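First residue of the sequence shown: 1, per full-length UniProt numbering; consecutive thereafter. Structure first, then comments.
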Amino acid sequence: MYLKELKAYKAPPVKASDAEGHVQKFSIPPAPPSPEEADIASALGEYENQVPEVEGQAAAGESAAVEQDWFEEPEEEEEHAAH
């Protein structure tokens, strides 16, 4: 009896309007605003006016820090040199 009912079942036809409550409408997002050329020019001016920091150079008014050499080479013993 179950197989007879299963074979007799017909699925309802799918309509295009069935998905309206479940799917959001697609809308293209707005284009981002382009940057202003004045902002680019001022940013470029700020970049060009920056003073680069160079390692090993002292800033104006500061004394240069003396870097100490902490590496010590081991002295070779004369006994090993004779072999």
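Just so it is clear, CB atoms sit at the ideal spot from N, CA and C, and this is done for glycine as well. Keep in mind that this is a model prediction, so the values were computed, not measured.
Helix, strand or coil at residue i [DSSP, three-state]
{"i": "ILE28", "result": "coil"}
{"i": "ASP69", "result": "coil"}
{"i": "GLU46", "result": "helix"}
{"i": "ALA11", "result": "coil"}
Residue i - containing alpha helix (DSSP H), residue span
{"i": "LYS4", "result": "2-8"}
Cα-Cα separation, residue i to residue j
{"i": "LEU44", "j": "GLN68", "result": "39 Å"}
{"i": "ASN49", "j": "ILE40", "result": "14 Å"}
{"i": "TYR47", "j": "SER34", "result": "21 Å"}
{"i": "LYS4", "j": "ALA11", "result": "15 Å"}
{"i": "TYR2", "j": "ALA31", "result": "58 Å"}
{"i": "ALA19", "j": "LYS7", "result": "27 Å"}
{"i": "VAL23", "j": "VAL14", "result": "15 Å"}
{"i": "PRO74", "j": "PRO52", "result": "39 Å"}
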